[in-house]
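A.B. asks:
In our numbering, the protein residues as written are 84 to 465.
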């Protein structure tokens, strides 16, 4: 492993880390990125992307690739109420006429990391960072399973709340979050290609959408459950899937002919909320900065947009010379840009996990249909 220090070390090669690497390398900064997993690989993720993703994709010169690879445009949203009828609303178009789409993580992550290497970033993969020590004043030293790396500053894009700032002396963070996540790919799903279905049940919400195809049409099914539901129905994706079908007959109709394409994946805990954005030379992006409830389908979009914001901030003259000032600027801009998405995701997720409240909301929306598209816009699904 090279002993030559980098300007920026990035921990994590997912959408946030790879996006930052591409843009920073293009700005002629010396970028080193470590990703502990080999690509391509599947990952727990709903794979839905709002139209807000198009701006960072444009900056990365990936719009044509995305339009060719992603699933069909999503024109409508179906909300499958466990205790009542399904509500349907049009998905609002962006001002440029585009609709949201979905793309599988095995395709997206591999493409982004390849572009980072092409841009000039040094990629170590697979390479696990064991600890990162240092400060804004001294610079940073990272200990990996392949050797030692040095850098002026660090971007933490590892996506995990429990990994914190990765200092060797860090106190372990609380990993007992309330929510756990499951995901699989299916085929032969009875959902129109241009729709997304959202379902609720006690202690659960789920999303189903046509994603990028492989050898045949594939749909991404992902759901988030509480630990209480895990204890009631078992800790396997299959047992939770069958419980969902029992609890939500409307959603079950869409899946009556479904066949699995990939094994069940699980991850957690999901700990929604905003965390540290910057601390003493360490910049946080994506889920490392804050996790949004998967219900609003903004996780990938927020990861890439926050990475683009950080890259723009770090690319300014003298940004690396005064990291605390740069960090304060990034924190202010991050909160102004993204805070509302996190708050709205908490509100809508809590509503959908409580069928009694969902039924009340459904009655109101049934009487005032224009409210539903407005709620969809609030979550960011346009």
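Virtual Cβ for every residue (Gly too), placed ideally from N, Cα, C.
Could you spell out the range, first to last residue, of the alpha helix (DSSP H) harbouring residue 336?
C.D. replies: Within the chain shown, residue 336 is the residue found at index 253, counting from 1. Per DSSP, residue 336 belongs to the alpha helix (DSSP H) from 332-337.
A.B. asks: Can you grab the Cα-Cα spacing for the pair residue 237 / residue 223, in whole Å?
C.D. replies: Residue mapping note: residue 237 aligns to position 154 of the chain shown, counting from 1. Residue mapping note: residue 223 aligns to position 140 of the chain shown, counting from 1. So the two alpha carbons sit approximately 7 Å from each other.
A.B. asks: With DSSP run on the structure shown, which of helix, strand or coil describes residue 98?
C.D. replies: The residue labelled residue 98 in the question sits at position 15 within the chain shown. Helix, per DSSP.
A.B. asks: Per DSSP, which one or two residues make a beta bridge with residue 292?
C.D. replies: The residue you call residue 292 lines up with position 209 of the chain shown. Bridge partners of residue 292: 279, 303.
A.B. asks: Taking contact to mean at least 3 C-beta pairs separated by less than 8 Å, is the region 87-101 in contact with the region 178-187?
C.D. replies: no
A.B. asks: With a threshold of 16 other CB atoms inside 10 Å of the CB of residue 464, please say whether the residue is buried or exposed.
C.D. replies: Taking the chain shown and counting its residues from 1, one reaches residue 464 at position 381. Residue placement at residue 464 is poorly supported in this model, since its pLDDT is 49, which falls under 50; the coordinates are not used for a value here.
A.B. asks: Classify residue 96 as buried or exposed, calling it buried when 16 or more other Cβ atoms lie within 10 Å of its own Cβ.
C.D. replies: Taking the chain shown and counting its residues from 1, the one referred to as residue 96 is at position 13. That one is buried.
A.B. asks: Roughly how many angstroms separate the alpha carbons of residue 273 and residue 192, rounded to a whole number?
C.D. replies: Here the question's residue 273 lines up with position 190 in the chain shown. Here the question's residue 192 lines up with position 109 in the chain shown. Approximately 28 Å, taken between the alpha carbons.
A.B. asks: How about residue 232 and residue 115: are their beta carbons less than 8 Å apart?
C.D. replies: Here residue 232 corresponds to residue number 149 of the chain shown, with the count starting at 1. Here residue 115 corresponds to residue number 32 of the chain shown, with the count starting at 1. Yes. Within cutoff.
A.B. asks: Is it right to say residue 194 is buried, meaning 16 or more other beta carbons lie within 10 angstroms of its own, or is it exposed?
C.D. replies: As a working mapping, residue 194 is identified with position 111 in the chain shown. Counting Cβ neighbours within 10 Å, residue 194 comes out buried, since at least 16 surround it.
A.B. asks: What's the C-alpha gap between residue 372 and residue 230?
C.D. replies: For this step, residue 372 is matched to residue 289 along the chain shown. For this step, residue 230 is matched to residue 147 along the chain shown. For residue 372 and residue 230, the distance between alpha carbons rounds to 27 Å.
A.B. asks: Please go through the same chain and pick out, in chain order, the residues whose beta-carbon is closer than 7 Å to the beta-carbon of residue 103, but skip the five residues on each side of it.
C.D. replies: By 1-based counting over the chain shown, the position of residue 103 is 20. If we look at residue 103 and ignore the five residues flanking it on each side, its Cβ neighbours are 93, 238, 240, 368, 390, 393, 394.
A.B. asks: Can you tell me which of the three DSSP states residue 132 falls into?
C.D. replies: Indexing the chain shown from 1 puts residue 132 at position 49. The answer is strand: DSSP assigns residue 132 an E or B state.
A.B. asks: Report the CB separation of residue 295 from residue 153 in whole angstroms; it is logged as a contact under 8 Å.
C.D. replies: Numbered from its first residue, the chain shown carries residue 295 at position 212. Numbered from its first residue, the chain shown carries residue 153 at position 70. Confirmed, about 5 Å.
A.B. asks: Spatial neighbours of residue 155 within its chain, please: C-beta separation below 8 Å, excluding the five flanking residues on both sides.
C.D. replies: Working through the chain shown from its first residue, we reach residue 155 at position 72. Answer for residue 155: 184, 276, 277, 293, listed in chain order.
A.B. asks: Does DSSP classify residue 139 as helix, strand or coil?
C.D. replies: On the chain shown, position 56 is the one that residue 139 refers to. If DSSP states are grouped into helix, strand and coil, residue 139 belongs with the helices.
A.B. asks: How long is the line joining the alpha carbons of residue 168 and residue 159, rounded to whole angstroms?
C.D. replies: Along the chain shown, one-based indexing puts residue 168 at 85. Along the chain shown, one-based indexing puts residue 159 at 76. When rounded, the distance between both Cα atoms is 16 Å.
A.B. asks: So, helix, strand or coil for residue 214, using DSSP?
C.D. replies: As a first step, residue 214 is located in the chain shown; it is residue number 131 there, counting from the start. Reduced to three states, the DSSP call for residue 214 is strand.
A.B. asks: Any idea what DSSP makes of residue 90, helix, strand or coil?
C.D. replies: Counting from 1 along the chain shown, the entry for residue 90 is found at position 7. In the structure shown, residue 90 sits in a strand (DSSP, three-state: E or B).
A.B. asks: Note down the Cα distance separating residue 210 from residue 165, rounded to an integer number of angstroms.
C.D. replies: What you label residue 210 is simply residue 127 of the chain shown in a count that begins at 1. What you label residue 165 is simply residue 82 of the chain shown in a count that begins at 1. About 44 Å.
A.B. asks: Sort 135, 413, 208 by Cα distance to residue 120 and report the nearest one.
C.D. replies: Counting from one through the chain shown, the residue named residue 120 turns up at place 37. The candidate whose alpha carbon is nearest that of residue 120 is 208.
A.B. asks: To which residues of the same chain is residue 124 closer than 7 Å at the C-beta, ignoring the five residues directly before and after it?
C.D. replies: What you label residue 124 is simply residue 41 of the chain shown in a count that begins at 1. Cβ within range, chain order: 189.
A.B. asks: For the beta strand (DSSP E) that contains residue 206, what are its first and last residues?
C.D. replies: As a first step, residue 206 is located in the chain shown; it is residue number 123 there, counting from the start. Element bounds for residue 206: 205-207.
A.B. asks: At what residues does the beta strand (DSSP E) containing residue 267 begin and finish?
C.D. replies: Position 184 of the chain shown holds residue 267. 262-270 is the extent of the beta strand (DSSP E) around residue 267.
A.B. asks: Would you list, in sequence order, the uninterrupted beta strand (DSSP E) runs of no fewer than 3 residues that lie entirely inside the region 137-181?
C.D. replies: 159-163, 170-173
A.B. asks: Grab me the residues of residue 374's own chain with a C-beta within less than 7 Å of its C-beta, minus the 5 sequence neighbours each way, in chain order.
C.D. replies: Residue mapping note: residue 374 aligns to position 291 of the chain shown, counting from 1. Cβ within range, chain order: 244, 353, 354, 355, 356.
A.B. asks: Rounded to whole angstroms, how far is the Cβ of residue 410 from the Cβ of residue 366, which I believe are closer than 8 Å?
C.D. replies: The sequence position of residue 410 within the chain shown is 327, counting from 1. The sequence position of residue 366 within the chain shown is 283, counting from 1. Correct: roughly 7 Å between the Cβ atoms.
A.B. asks: Using three-state DSSP, classify residue 342 as helix, strand or coil.
C.D. replies: As a first step, residue 342 is located in the chain shown; it is residue number 259 there, counting from the start. Here residue 342 sits in strand by DSSP.
A.B. asks: Is any non-hydrogen atom of the ligand FAD found closer than 7 Å to the C-beta of residue 277, if you look at the structure I gave you?
C.D. replies: Looking at this structure, you won't find the ligand FAD or any other ligand, since it has none at all.
A.B. asks: Measure the alpha-carbon distance for residue 171 versus residue 301 and round it to whole angstroms.
C.D. replies: Within the chain shown, the letter at position 88 stands for residue 171. Within the chain shown, the letter at position 218 stands for residue 301. Those two C-alpha atoms are separated by around 22 Å.
A.B. asks: With a CB to CB cut of under 8 Å and the five nearest residues on each side skipped, what residues in its chain are close to residue 396?
C.D. replies: In the chain shown, the residue the question calls residue 396 occupies position 313. Cβ neighbours of residue 396 beyond the five flanking positions: 402, 409, 412, 413, 416.
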